[in-house]
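Peer 1:
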Ligand code: SF4
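Numbering (the numbering used here), first residue to last: 1 to 219.
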């Protein structure tokens with residue numbers, strides 16, 4: 001299988017339960033809920049995306065013809081001590097369109113603990129060490145268990161209540177970024193953050209997730 005990769009970079013995880021952890025981010029090209037092209041956004045199943053996952057022209061991006069080749073590239077980008085805690089975050093786009101058994105094995109051979117950020121529309125293999133699911137719009141969830149469920153808030157079609165019974169260890173609300181906001185154009189960023197804080201205060205099952213990389217300027 002050939003893997004289409006938008007970009008690979010080393011940074012700190014900015015969101016959720018692992019915020020602050022050093023990690024290689026491997027961004028897969030392509031998503032099943034939007035083409036990534038602005039002309040298609042209004043009709044897309046997911047319309048508030050703030051990520052460029054089109055083509056393979058980002059930092060360290062490209063086509064990788066084997067799992068080993070991609071895993072070695074990811075290892076070469078790890079910027080810290082290689083003795084422990086090597087974390088890789090598979091993200092996108094939708095990584096589960098491309099992640100397969102050979103790639104999981106190759107990354108583990110390189111010493112990585114594997115995290116994934118998925119929209120939950122495809123089954124995530126159990127061999128992945130940390131599963132983060134972020135439901136989008138009213139698209140049915142297929143992956144209903146994992147380590148963290150991260151809901152962008154508010155969304156017109158999704159309320160936190162409908163996810164509370166699912167089998168996740170952490171439940172996060174992440175304020176909708178004003179730049180992502182195509183539907184709620186009368187709201188301001190502060191309103192989204194205040195609404196998320198209010199909801200967490202009233203429903204302590206939920207914790208606030210802030211996009212700390214945007215606050216700190218870390219890429
Ligand atoms: S599912 Fe994720 S990657 Fe795909 S369009 Fe929505 S926010 Fe973007």
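Positions of the beta carbon are idealized from the N, C-alpha and C atoms, including for glycine.
Since the model is a prediction, treat every value here as computed from it, not as a measurement.
Contact between the segment 76-88 and the segment 33-50: three or more CB pairs below 8 angstroms?
Peer 2: Touching, no, given that fewer than three Cβ pairs across the two stretches are closer than 8 angstroms.
Peer 1: Based on the DSSP output, what are the partners of residue 131 in its beta bridges?
Peer 2: Residue 131 pairs with 116.
Peer 1: Please report how far the alpha carbon of residue 127 lies from the alpha carbon of residue 177, in whole angstroms.
Peer 2: Roughly 32 angstroms separates the two Cα atoms.
Peer 1: Pull the bridge partners of residue 209 from the DSSP assignment, please.
Peer 2: According to DSSP, which records beta bridges pairwise, residue 209 is partnered with nothing at all.
Peer 1: Residues in the same chain with beta-carbon distance under 6 angstroms from residue 120, minus the five sequence neighbours each way, listed in chain order, please.
Peer 2: Here the set comprises 133, 135, 141, 143.
Peer 1: Rounded to the nearest angstrom, what separates residue 124 and residue 216 at their Cα positions?
Peer 2: Distance between the alpha carbons of residue 124 and residue 216 is about 31 angstroms.
Peer 1: So what's residue 18 in DSSP terms, helix, strand or just coil?
Peer 2: Helix, per DSSP.
Peer 1: Using the beta-carbon count (16 or more within 10 Å), is residue 67 buried or exposed?
Peer 2: Answer is buried; the Cβ neighbour count reaches 16.
Peer 1: Taking Cβ to Cβ, would you say residue 95 is nearer than 8 angstroms to residue 116?
Peer 2: In contact: residue 95 and residue 116 (Cβ atoms closer than 8 angstroms).
Peer 1: Please list the terminal residues of the continuous alpha helix (DSSP H) segment that includes residue 110.
Peer 2: Element bounds for residue 110: n/a, residue is neither H nor E.
Peer 1: To which residues of the same chain is residue 220 closer than 7 angstroms at the C-beta, ignoring the five residues directly before and after it?
Peer 2: As shown, the chain starts at 1 and ends at 219. That puts residue 220 outside it, with no answer to give.
Peer 1: Would DSSP call residue 47 helix, strand or coil?
Peer 2: If DSSP states are grouped into helix, strand and coil, residue 47 belongs with coil.
Peer 1: Can you give the beta carbon distance from residue 151 to residue 168, rounded, assuming they're within the 8 angstroms contact cut?
Peer 2: About 11 angstroms separates the two Cβ atoms, so there is no contact after all.
Peer 1: Starting from residue 76, trace the alpha helix (DSSP H) both ways and give me its first and last residue.
Peer 2: Start and end: 67-77.
Peer 1: Does any heavy atom of the ligand SF4 sit closer than 7 angstroms to the C-beta of residue 33?
Peer 2: Under cutoff, so the answer is yes.
Peer 1: Less than 7 angstroms between the CB of residue 43 and some heavy atom of the ligand SF4, yes or no?
Peer 2: No, since every heavy atom of the ligand SF4 falls outside the 7 angstroms radius drawn around the Cβ of residue 43.
Peer 1: Relative to the alpha-carbon of residue 166, which residue among 206, 3, 97 has its alpha-carbon at the smallest distance?
Peer 2: Ranking the options by Cα distance to residue 166, first place goes to 206.
Peer 1: Would you decide whether residue 1 is buried or exposed? Buried here means 16 or more other CB atoms lie within 10 Å of its CB.
Peer 2: Per the 10 Å Cβ criterion, exposed.
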